[in-house]
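Which chain is which? The protein sequence lines are A and B, in order.
For the first sequence, the working numbering gives the first residue as 600, with consecutive numbering after it.
For the second sequence, the working numbering gives the first residue as 47, with consecutive numbering after it.
Following: one structure in structure tokens, then a few remarks.
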Amino acid sequence: MYSPVKIWRSKKYKLAGSNPGRLLSFSIIHASPPGFKDQAPYSVGLVELKNGLRVIGQIVEAESLKIGQKMKAVFRIFNPQEKEGVIYYGIKFKPWKK
Amino acid sequence: MKIAVLGTGVTKFGEIWEKSLADLAKEAARQALDDANIEISDIDAIFIANMLAGEIENQVHLGSLIGEELGFNGPAIRIEGACASGGMAVRNAVLSLLSGEYRRILVIGVEKMTDYQSDQIGEALMAAADEEERVAGLTFPSLFALMAKVYMDKYKIKRSDLAQVSVKNHFHASLNPKAQFPFQITIEQVLQSPMVADPLHLFDCSPISDGASALVLANMNYVSQVYPCPATIIASAQSSDTLSLTKRKDLTRLISVEKAAKKAYQTASIGPKDIDFVEVHDCFTIAEIMALEALGFYQQGEGWQGAVKKETYLEGKLPVNLSGGLKAFGHPVGATGVKQVVEIADQLRDRAGKRQTSKARIGLAENIGGAGGSAVIHILTN
Numbered sequence: 600m601y602s603p604v605k606i607w608r609s610k611k612y613k614l615a616g617s618n619p620g621r622l623l624s625f626s627i628i629h630a631s632p633p634g635f636k637d638q639a640p641y642s643v644g645l646v647e648l649k650n651g652l653r654v655i656g657q658i659v660e661a662e663s664l665k666i667g668q669k670m671k672a673v674f675r676i677f678n679p680q681e682k683e684g685v686i687y688y689g690i691k692f693k694p695w696k697k
Numbered sequence: 047m048k049i050a051v052l053g054t055g056v057t058k059f060g061e062i063w064e065k066s067l068a069d070l071a072k073e074a075a076r077q078a079l080d081d082a083n084i085e086i087s088d089i090d091a092i093f094i095a096n097m098l099a100g101e102i103e104n105q106v107h108l109g110s111l112i113g114e115e116l117g118f119n120g121p122a123i124r125i126e127g128a129c130a131s132g133g134m135a136v137r138n139a140v141l142s143l144l145s146g147e148y149r150r151i152l153v154i155g156v157e158k159m160t161d162y163q164s165d166q167i168g169e170a171l172m173a174a175a176d177e178e179e180r181v182a183g184l185t186f187p188s189l190f191a192l193m194a195k196v197y198m199d200k201y202k203i204k205r206s207d208l209a210q211v212s213v214k215n216h217f218h219a220s221l222n223p224k225a226q227f228p229f230q231i232t233i234e235q236v237l238q239s240p241m242v243a244d245p246l247h248l249f250d251c252s253p254i255s256d257g258a259s260a261l262v263l264a265n266m267n268y269v270s271q272v273y274p275c276p277a278t279i280i281a282s283a284q285s286s287d288t289l290s291l292t293k294r295k296d297l298t299r300l301i302s303v304e305k306a307a308k309k310a311y312q313t314a315s316i317g318p319k320d321i322d323f324v325e326v327h328d329c330f331t332i333a334e335i336m337a338l339e340a341l342g343f344y345q346q347g348e349g350w351q352g353a354v355k356k357e358t359y360l361e362g363k364l365p366v367n368l369s370g371g372l373k374a375f376g377h378p379v380g381a382t383g384v385k386q387v388v389e390i391a392d393q394l395r396d397r398a399g400k401r402q403t404s405k406a407r408i409g410l411a412e413n414i415g416g417a418g419g420s421a422v423i424h425i426l427t428n
């Protein structure tokens, strides 16, 4: 269930100074939870941002992944769009390109 | 510390569609009470371990529900710590008995998981993880996969080294009629099973199961010739680690297990080398490997050698998961921690049939919650 207040409360961090991050670990998920079926298989990773913050999130636009690889944190919409309803933004990662 | 195990009980684990949560709890409880030669009216309190009933059946207040099923209206409470609920219920019973407030406690671990589809259950299980992990679409296999990836990269092991853990636990389960999967499997079958979250295949993962397990525990003052107790709990310890994997210092270590183990060994005035056999929490193959290192049986990065070198098989120098573990005996979440102590106690009382170890003097049970956010350890002797 999406609570606007909870989303607002959880989004109080800044991404400034966070890129590039470093990929500490990753996995390709084949058996996904309900709600993620149309995305499966998808990659998830644990990234240490340049500012020291560690974040777990989905990895997008990656052809290959390696531990230690440079990653870029980006804002993305997480939930499918309905006509009315809460939009849930969060962090995903893509490979860092100079 | 010395707490008496008067009786044990465990149902078959598996897809038990004809039985409800309450049916399973009652079945295990009856076995334990009969084994202890005790009536429910002689019990001072019941402690119920369960994780998911609130999530998936909208049923909490299990103390009252199971009390009703058993015809018991004394103190009754549900205890939850994700997959460590069972171990926590045993620990809390131990603490209550040590306080002298209760004389005899019935501990029941029970879980009903197979009424729903596995992806729904997988989503419910993620209640044991961090919010950030849930919204990013992670699953429990993927959390342990993140740990396994780092472990494999750091210590240069192969997927077949992980698979050996499942092969071993299935071998033990083939000797255990109550196991969910009482048959052997091969390394090839593990590696050919569908990929769940790389590098973990389906057969690297414990199954979704129904089942219940029960213990009658007593303060030593209430042990007598009428209620003999050949098995006693001599240590009980619990510790925690961060819920979120992002806050962990080292993804290849289960710090909660390390800390709980240290306390448990201290309580019993023993060390890892004094332990004869173990039940560990193999929710995934990598979890058994990390547990053996955290418990001090293997050096960091060498826990995988146990199954590969056959050291942790029935005939090996340190039998691990003689019950079949979570992988092959089954993992009804709340029941597991209790079932581990049941297995240790039954081995100590020479009741394990074909999977009986000849070394049963001191046994250890390790139960974790989530991705190692909680850990509970018990040591028993005969």
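Note that the Cβ used here is the ideal one computed from N, Cα and C, for glycine as well.
Just to make sure I have the definition right: I need the residues of chain B whose C-beta is within less than 7 Å of the C-beta of A/Arg-653. Which are they? Thr-292
Using 10 angstroms around the beta-carbon of B/Phe-229, count the other beta-carbons present and answer buried if the total reaches 16, otherwise exposed. exposed
Where B/Met-267 falls, given that 16 or more other Cβ within 10 Å makes a residue buried: Looking at the sequence itself, residue 267 of chain B is Asn, so the reference to Met does not match. That one is exposed.
State whether the segment 362-380 of chain B contacts the segment 334-351 of chain B, with contact taken as three or more CB pairs (one from each stretch) at a distance under 8 Å. At 8 Å Cβ cutoff, the stretches touch.
Can you look up B/Pro-187 in the DSSP assignment and give me helix, strand or coil? helix
Using the rule of at least 16 other Cβ atoms within 10 Å of the residue's Cβ for burial, across every protein chain shown, is B/Ala-283 buried or exposed? buried
Around the Cβ of B/Gln-250, are there at least 16 other Cβ atoms within 10 angstroms (buried) or fewer (exposed)? The residue you asked about is not Gln; residue 250 of chain B is Asp in the sequence shown. When all chains shown are included, B/Asp-250 counts as buried.
Which of helix, strand or coil does DSSP assign to B/His-218? helix
Nearest-angstrom Cα distance between B/Gln-402 and B/Asn-222? 10 Å
Which residue from B/Arg-137, B/Lys-65, B/Glu-348, B/Thr-278 puts its Cα closest to that of B/Thr-298? Scanning B/Arg-137, B/Lys-65, B/Glu-348, B/Thr-278 for the CA closest to the CA of B/Thr-298 turns up B/Glu-348.
How close, in whole Å, do the beta carbons of B/Gly-380 and B/Gly-155 come, if the pair is a contact with beta carbons under 8 Å? 5 Å
Along the chain, where does the alpha helix (DSSP H) that runs through B/Ala-310 open and close? 301-314
Return helix, strand or coil for B/Asn-138, following the three-state DSSP convention. helix
Which residue's Cα is closest to the Cα of B/Val-140: B/Ala-75, B/Ile-279, B/Leu-237, B/Asp-80? B/Ile-279
At a cut of 8 Å, does the segment 62-69 of chain B reach the segment 382-402 of chain B through at least three beta carbon pairs? No, the segment 62-69 of chain B is not in contact with the segment 382-402 of chain B.
Figure out for me which residue from B/Gln-393, B/Val-51, B/Lys-158 has the closest Cα to the Cα of B/Thr-382. B/Lys-158
Would you kindly work out how many angstroms separate the C-alpha atoms of B/Leu-192 and B/Lys-295, rounded to a whole number? B/Leu-192 and B/Lys-295: Cα-Cα distance of roughly 14 Å.
According to DSSP, is A/Ala-661 helix, strand or coil? coil
Along the chain, where does the alpha helix (DSSP H) containing B/Met-336 start, and where does it finish? 331-340
Can you tell me whether B/Thr-232 is buried or exposed, with buried defined as 16 or more other CB within 10 angstroms of its CB? Exposed is the call here.
Nearest to A/Ile-658 by alpha carbon, out of A/Ser-602, A/Ser-626, A/Lys-696? A/Ser-626
Between the segment 132-148 of chain B and the segment 77-93 of chain B, can you find at least three pairs of beta-carbon atoms closer than 8 Å? Because the criterion of three Cβ pairs below 8 Å is met, the segment 77-93 of chain B and the segment 132-148 of chain B touch.
Rounded Cβ spacing between B/His-424 and B/Ala-281 (contact assumed at less than 8 Å): 7 Å
By the criterion of Cβ-Cβ separation under 9 Å, what are the contact partners of B/Glu-169 in chain A? Pro-632, Pro-633, Gly-634
Identity of the residue in B/Ala-182, B/Ile-112, B/Gly-352, B/Arg-397 nearest A/Phe-674 by Cα: B/Ala-182
Under DSSP, the alpha helix (DSSP H) around A/Ile-605 begins and ends at which residues? Ile is not the amino acid found at residue 605 of chain A; the sequence shown has Lys there. That run of the alpha helix (DSSP H) goes 603-609.
Measure from the C-beta of B/Pro-121 to each C-beta in chain A and report whether the shortest distance is under 8 Å. no
Taking a cut of 9 Å between CB atoms, which residues from the segment 140-166 of chain B lie near chain A? Gln-163, Ser-164, Asp-165, Gln-166
Interface residues of chain B facing A/Val-659 [CB-CB closer than 9 Å]: In chain order: nothing, as chain B lies at least about 11 Å away.
Buried/exposed call for B/Ser-255, threshold 16 Cβ in 10 Å: That one is buried.
Please tell me whether A/Gly-616 has its Cβ less than 8 Å away from any Cβ of chain B. Judged by the 8 Å Cβ criterion, A/Gly-616 is not in contact with chain B.
Secondary structure at A/Tyr-688, three-state DSSP: helix, strand or coil? Judged by DSSP in its simplified three-state form, A/Tyr-688 adopts strand.
Cβ-based neighbour list, A/Met-670, same chain, cut-off 6 Å, excluding 5 preceding and 5 following: Gly-620, Leu-622, Val-646, Phe-692, Trp-695
If you follow the alpha helix (DSSP H) that B/Ser-164 is in, where does it begin and where does it stop? Looking at the DSSP string, the run of the alpha helix (DSSP H) that includes B/Ser-164 is 164-171.
Given a cut-off of 8 Å, decide if B/Ala-310 and B/Val-153 are closer than it, judged by their beta-carbon atoms. For B/Val-153 and B/Ala-310, no; Cβs fall outside 8 Å.
Going by C-alpha to C-alpha distance, which of B/Ala-340, B/Ala-417, B/Arg-149, B/Gln-210 sits closest to B/Tyr-359? B/Gln-210
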